[in-house]
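Report on the structure given below.
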Amino acid sequence: MLAIIGGSGLTQLSTLEVMRREVCRTPFGEPSGALTFGTLAGKTAVFLARHGYGHTIPPHLVNYRANIWALKQAKAKAIISVASVGGIREDFAPGTLVIPDQIIDYTWGRKSTFFEGGDTPVRHIDFTHPYDDKLRQQLLAASAAAGEHVFDGGVYASMQGPRLETAAEINRLERDGAHLVGMTGMPEAALARELELPYAAINVVVNYAAGRSSSEHGIHFDSIELVMHEAMVRVRRILEEFCRIA
Ligand code: HPA
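Using our numbering, you'd call the opening residue of the sequence shown number 57 and step up by one each time.
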């Protein structure tokens, strides 16, 4: 069964034919909301809104451990994350969809491992390639089949938030090699790897990053809403196609 974690702009998956909702608890607390089970293109899938169904949980307060644990407990076999991002690379304009292939983690103070000593021995997972390549390839194939253009590869910078970045911070991220900036990619991806759940992401560029192009003088939220809404229609199409051909 596929799990989909929806971010800003995707707090509901309208294409999912809902069968049931399940409130669950984990050893790490409660996930962001009830798990929504249903079928997508005839295949069972489970959906979770990362920021809660009312979009009330900011990126640094999301219980990433509970979310990933709950999906594993629900017998998910893979996770596709949908997340809005800012575009640093010039060709990553608002409305662009990217399947990233690398991550740089700038977050701090988040619970970022299931293995914290005590009864559970410390573990160091291999994270050379943070996204599951097979899942990425399936997503790329689904996008092509859905007739939606997506970029194959990009370096995602995970920032602490919830504020957006300064122009100088974006310049630094670019020097570091980042192409996209968001706030929720980590520790989510690492936690999925710890539980051996294949994980890949669809990043939706909803604005140019601070100081870049149309965001040179600031980031305007009214235009973000519109871009996000339109792009999520395309994301839903890709997810449906993914389920159809997976
Ligand atoms: N920065 C960080 N996170 C984001 C942005 C951004 O510009 N846009 C959407 N999520």
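We treat Cβ as the ideally placed atom computed from N, Cα and C, and that holds for glycine. In this text the structure is predicted, and so the values were computed from the model without any measurement.
- Look at the beta carbons and you see the segment 270-279 not touching the segment 191-206: under three pairs across the two are nearer than 8 Å.
- Per DSSP, the beta-bridge partners of R76 are F93.
- In this chain, Q129 is not harboured by any beta strand (DSSP E); it is covered by the alpha helix (DSSP H) spanning 120-129.
- Under the 8 Å Cβ criterion, the segment 258-266 counts as touching the segment 234-246, having at least three qualifying pairs.
- Taking a 10 Å sphere around the C-beta of K133, we find fewer than 16 other C-beta atoms and assign the residue as exposed.
- Look at the beta carbons and you see the segment 150-161 touching the segment 282-295: at least three pairs across the two are nearer than 8 Å.
- The closest heavy atom of the ligand HPA lies less than 7 Å from the beta carbon of I275.
- N259 has A139, V154 as its beta-bridge partners, per DSSP.
- Placement of the Cβ of E244 at a distance of 7 Å or more from every heavy atom of the ligand HPA is found.
- Along the segment 149-208, the alpha helix (DSSP H) occurs as fully enclosed runs of 4 or more residues at 189-201, listed in sequence order.
- Not one heavy atom of the ligand HPA sits closer than 7 Å to the Cβ of G209.
- Looking at the backbone, the Cα of D147 and that of G174 are separated by about 47 Å.
- For P87, the closest of G94, D278, R106, R300 by C-alpha to C-alpha distance is R106.
- Approximately 7 Å separates the beta-carbon atoms of Y120 and R166; this is inside 8 Å, confirming the contact.
- For V260, the closest of A248, L251, E281 by C-alpha to C-alpha distance is E281.
- For G241, the distance from the CB to the nearest heavy atom of the ligand HPA is not below 7 Å.
- By the Cβ-count criterion, R76 is exposed, with fewer than 16 other Cβ atoms from all chains shown falling within 10 Å of its own Cβ.
- Setting aside the 5 residues that flank it on each side, M242 is surrounded in the same chain by D161, T163, S214, each with a C-beta closer than 6 Å to its C-beta; the list follows chain order.
- The ligand HPA has a heavy atom closer than 7 Å to the beta-carbon of N263.
- At the C-beta level, A245 and I159 come within 8 Å of one another.
- Shortest gap from the CB of S137 to any heavy atom of the ligand HPA: 7 Å or more.
- The Cβ-Cβ distance between G217 and P114 falls below 8 Å.
- In this structure, A126 sits near L91, with a CB-CB distance shorter than 8 Å.
- Less than 8 Å separates the beta-carbon of G62 from that of F103.
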